[in-house]
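The structure appears below as structure tokens.
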Ligand SMILES: C[S@@+](CC[C@H](N)C(=O)[O-])C[C@H]1O[C@@H](n2cnc3c(N)ncnc32)[C@H](O)[C@@H]1O
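Numbering (my numbering), first residue to last: 1 to 441.
Written out as structure tokens, the structure is:
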């Protein structure tokens, strides 16, 4: 099969085993020149003995895990070295995050070229923006949640942030922990009440133009820099560690913070070294807080759209991120009202609002996308949840992929192709999702 799909000299990455991956690799090999394959393909390790950028970015130690991690977790990262966790994707465990290698493959298959713009109207943790940045493609991302905008911006800035202050930060982690827990609150280990903080934030952090002002002597002495990229990065590490502490009591919050800081430092040092070694240009991206139902984007200005909407009400993103949103002083009820999948009281009401909202999102996608270009959605269905909500047997529940295709056809999209992929994350209950590629008429 391998020899029939790829020409001599095209060597795919190790552990490429799923049918949809082979399909995307095949399309990449058909659509990109050898030079393009070297620079931005997702599924190739070598072209005629030259190593690809993707291989360079992913090779070496995978994400550094704490010594206490289970062998199952370690082998997951080892096996998925070329799929996930590379660049700055591993910096925050956002639920429902895209699979980065697949994103890169789809960007290529949609025919996007350097200088063109890709849009993710529901960017979550910013996977599309980060991939586009390292591929030389411009990008715009929106999310209703200000926390997603903060997380995405921080992960993008981390590709270019100064590294020297991180060693100071790690050496002085106790001082920083004291500082952040005073400023934004302390997690309650093992707490089920995800929206409460055990100490009231002292409100010493003020957001200004997507960075947090930190005017604190203890902070400045510990870090030795007041660079906004560094401030955001350390705050994200603190919020990440507080989230872990809430869920598990295996380590004290202080130990958790030290371990996460060490891992974050490892991640950025690794990717920045590769960026320097291969002289990779990082293209600026625009992460915005906004509503996908009313895009602040001109008609027909976008060259490709790639996104993963909420899978109906399967994940309550506001509840999930309650600690972080609280820390950032976000007013939660109005935010909940803007979130697709969360509006409504009963599950059936939520489902009906969801379909209504997604119809608006798809209408906006059709408006901003250029003629003949592609819009790809990644979507799966939780049959159990939907069958309960709709009072129908599981077998007769219409998949969300089909619902989206029907809605999209009302806005000038034609179905171009669908691929199915298994969900490999170890904590997922959903087993499959669909890659739905639509073309703008
Ligand atoms: C499945 S997640 C996307 C994950 C993302 N692909 C990633 O790689 O992290 C769906 C996202 O849609 C966002 N969302 C929900 N309602 C929205 C709205 N009205 N406008 C924009 N984003 C919204 C949620 O906050 C959530 O981050």
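Virtual Cβ for every residue (Gly too), placed ideally from N, Cα, C.
Cut-off 7 Å between Cβ atoms - residues of its own chain near residue i, not counting five sequence neighbours on either side
i, result
"residue 265", "166 and 170"
"residue 43", "12, 13, 16, 21, 24, 25, 28 and 105"
"residue 193", "Confidence at residue 193 is low in this model, with a pLDDT of 46, below 50, so the placement of that residue is unreliable and no value is reported for it."
"residue 168", "222, 223 and 224"
Supposed close pair residue i, residue j - CB separation, criterion 8 Å
i, j, result
"residue 370", "residue 440", "7 Å"
"residue 422", "residue 18", "6 Å"
"residue 274", "residue 161", "With a Cβ gap of about 15 Å, residue 274 and residue 161 do not count as contacting."
"residue 406", "residue 438", "So it is not a contact: roughly 11 Å between Cβ atoms."
Alpha carbon of residue i to alpha carbon of residue j, nearest angstrom
i, j, result
"residue 353", "residue 184", "34 Å"
"residue 50", "residue 13", "13 Å"
"residue 203", "residue 59", "With a pLDDT of 47 at residue 203, under the threshold of 50, the predicted position of this residue should be treated as unreliable, though the coordinate-derived value follows. Looking at the two C-alpha atoms, the distance is approximately 41 Å."
"residue 384", "residue 394", "6 Å"
"residue 4", "residue 10", "12 Å"
"residue 84", "residue 100", "6 Å"
"residue 198", "residue 133", "For residue 198, the predicted structure reports a pLDDT of 42, less than 50, and the residue's modelled location is therefore unreliable. The matter cannot be settled from this model."
"residue 311", "residue 382", "8 Å"
"residue 2", "residue 130", "30 Å"
"residue 305", "residue 434", "16 Å"
"residue 201", "residue 350", "Bear in mind that a pLDDT of 46 at residue 201, under 50, signals an unreliable position, so the number given afterwards is only what the model happens to contain. Each residue's Cα considered, the two are about 33 Å apart."
"residue 108", "residue 357", "29 Å"
"residue 355", "residue 366", "16 Å"
"residue 32", "residue 217", "53 Å"
"residue 419", "residue 270", "33 Å"
"residue 288", "residue 154", "12 Å"
Residue from the options whose Cα sits closest to the Cα of residue i
i, options, result
"residue 174", "143, 147, 9 and 221", "221"
"residue 226", "377, 163 and 107", "163"
"residue 322", "246, 367, 88 and 313", "246"
"residue 30", "100, 95, 105 and 75", "105"
"residue 111", "387, 400 and 374", "374"
"residue 237", "79, 251 and 262", "262"
"residue 307", "436, 88 and 52", "436"
"residue 102", "127, 412, 296 and 398", "127"
"residue 91", "150, 392 and 403", "150"
"residue 157", "114, 71 and 272", "272"
"residue 412", "391, 359 and 388", "359"
Close beta carbons around residue i, own chain, < 6 Å, minus the five adjacent residues each side
i, result
"residue 330", "146"
"residue 117", "138, 302 and 303"
"residue 80", "none"
"residue 401", "379, 434 and 436"
"residue 148", "124"
Close beta carbons around residue i, own chain, < 8 Å, minus the five adjacent residues each side
i, result
"residue 361", "121, 122, 292, 293, 309 and 340"
"residue 93", "240 and 243"
"residue 277", "56"
"residue 338", "144 and 291"
"residue 195", "In this prediction, residue 195 has a pLDDT of 42, which is less than 50 and means its spatial position is unreliable; nothing more can be read from the coordinates."
"residue 95", "315, 317 and 320"
message: Under 8 Å: do the segment 339-346 and the segment 294-308 share three or more Cβ pairs, one atom per stretch?
response: Contact fails: fewer than three Cβ-Cβ distances are below 8 Å.
task: Pair every Cβ in the segment 333-340 with every Cβ in the segment 253-263, then say whether three or more of these pairs are closer than 8 Å.
output: No contact exists between the segment 333-340 and the segment 253-263.
message: Across the segment 137-153 and the segment 278-285, are there enough close Cβ pairs to call them in contact, namely three or more that are closer than 8 Å?
response: Output reads yes: the segment 278-285 touches the segment 137-153.
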